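In full-length UniProt numbering, the protein residues as written are 1 to 194.
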């Protein structure tokens, strides 16, 4: 593959956490996908679950306990033997196969939240990304305000597992690209099929 095409790749991340505060909460699960610039999936990284102590899980609020209990993630966290450092190492090994350091923005939904946790608990992984983000939730929020009918056309499944959520983020950006980012030639939209 040419360097130009490889430099066009995007790395998508989703993490499930025990809460929203990186100062007190922890990473439970991470998944990554690499796409090309046209949002075609090139590679799926491993879905990795981080072992956390019972005290971390006990501190979760009712929403997190219910959501992560229903998805089976709490049991997976208890059964996992992987530390945050081991998960970080595996994620970096996956990324190095597909993108060079500092090339891809971090992509996903409300990705700044994942980045905050990554910066605290997996700083080498966070540093591998470009400093920019592609945050699908920003487009969604603008769409809700400027094109509400378009916003209603995409419904999330709310699985709250890292891999399902990241695939859904890619699908959501594809939807917005089709509905909002209409290619033009000069001042005229390009008709579908041309």
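Glycine included, each C-beta is placed from N, C-alpha and C at the ideal position. The structure presented is a predicted model; accordingly, all values stated were derived computationally and were not measured.
For residue 35, the secondary structure class from DSSP, reduced to helix, strand or coil, is strand.
In this structure, residue 164 sits away from residue 15, with a CB-CB distance that is not shorter than 8 Å.
Its Cα nearest to that of residue 145, the residue 180 stands out among 129, 88, 76 and 180.
In the displayed model, residue 151 falls within a helix according to three-state DSSP. The distance from the Cβ of residue 23 to that of residue 50 is about 17 Å, inconsistent with a contact at the 8 Å cut-off.
By alpha-carbon distance to residue 174, the top candidate from 123, 30 and 135 is 135. Each of 35, 170, 10 and 19 was checked against the Cα of residue 66, and the nearest Cα belongs to 19. For residue 108, the enclosing beta strand (DSSP E) starts and ends at 106–108. DSSP places residue 43 in the strand class (E or B) of the three-state scheme. In terms of CA proximity to residue 45, 92 leads the group 110, 92 and 150.
Residue 50 sits in coil when the DSSP states are folded into three classes, being neither helix nor strand.
Sorting 40, 82 and 107 by C-alpha distance to the C-alpha of residue 166 places 107 at the top. Residue pairing from DSSP places residue 12 in a beta bridge opposite 33 and 107.
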